[in-house]
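Written out below as structure tokens is the structure these notes cover.
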Amino acid sequence: MRKISTRDIALCIVCCALYAALVNVFAPISFQQIQVRVANALIGSVPLLGWPAVCGLALGVFLGNLTSPLGPIDLLSTLPSFLGLLIVYRLRQVSVLLGLQIYSTLVSIWVAFMLNFAFQLPYIITFAYVFVGVTIATTGLGYILYKSLSKLGITYLLKDS
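In terms of the working numbering, the sequence shown opens at residue 4 and continues consecutively.
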């Protein structure tokens, strides 16, 4: 097992800050029933950047959701997001696209539940709207980011990570 380095911590902080900043810059489309959370494109970096990206993006979800119109309940979104990030990381050698799609599905189930709970929106319709937006951002933009970073040869993973 690899020791945590200063570089790991710095990468974690950069991922966190980028995610939170993108959520807030694109706030009008980062929340609610119809959302394309542009920050989710960064999830495509997880297969290449590893644990620092997993931890940084999970923290970024927490910080980004501090401004959520749903209030404190949206801070709980960190948990399904972290689980989804772990899945993306674990599936990196099997199928990056599958990992990104599982993340999209998992987060969509959770967000639709929260919107149903907070605003009494119909669950199935809300899930459909959220799923389309999250899939565009995470699976679509995330996979494009993954392929672009791969072509540039950007990777942070070591054999023992």
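From the three backbone atoms N, C-alpha and C, an ideal C-beta is built for every residue, glycine too.
It should be emphasised that the depicted structure is a prediction, and the values quoted were computed from it without experimental measurement.
Assign residue i to buried or exposed, taking buried as 16 or more other Cβ atoms, counted over all protein chains shown, within 10 Å of its Cβ.
{"i": "F130", "result": "buried"}
{"i": "L82", "result": "exposed"}
{"i": "P31", "result": "exposed"}
{"i": "Q96", "result": "exposed"}
Tell me the rounded alpha-carbon separation between residue i and residue j.
{"i": "L161", "j": "D11", "result": "Note that L161 scores 45 on pLDDT, short of 50, meaning its location in the model is unreliable; the coordinates nonetheless yield the value given after this. The alpha-carbon atoms of L161 and D11 are separated by roughly 12 Å."}
{"i": "A167", "j": "G136", "result": "Only positions 4 to 164 of the chain appear in the structure, and residue 167 is not among them; the question remains open."}
{"i": "V91", "j": "T142", "result": "11 Å"}
{"i": "N43", "j": "S151", "result": "15 Å"}
{"i": "K154", "j": "L52", "result": "14 Å"}
{"i": "P125", "j": "I7", "result": "44 Å"}
{"i": "V105", "j": "R93", "result": "Before going on, a small fix: residue 105 reads as Ile here, not Val. Spanning the two alpha carbons is a distance of roughly 12 Å."}
{"i": "G47", "j": "I147", "result": "8 Å"}
{"i": "V26", "j": "L62", "result": "12 Å"}
{"i": "L144", "j": "V41", "result": "8 Å"}
Once you ignore the five residues that flank residue i on each side, which residues in its own chain have a CB closer than 7 Å to its CB?
{"i": "F65", "result": "L78, T81"}
Return the chain-ordered list of same chain residues with a C-beta closer than 6 Å to the C-beta of residue i, the five sequence neighbours on each side being excluded.
{"i": "F34", "result": "S71, P72"}
Report whether the distance from the Cβ of residue i to the nearest heavy atom of the ligand FAD is below 7 Å.
{"i": "L73", "result": "For the ligand FAD, the structure offers nothing, since it holds no ligand at all."}
Within 8 Å, do at least three Cβ pairs link the region 10 to 24 to the region 105 to 124? No, they do not touch.
Taking the runs of the alpha helix (DSSP H) that are 4 residues or longer, which of them lie wholly in the region 60 to 114? You should have 81 to 93.
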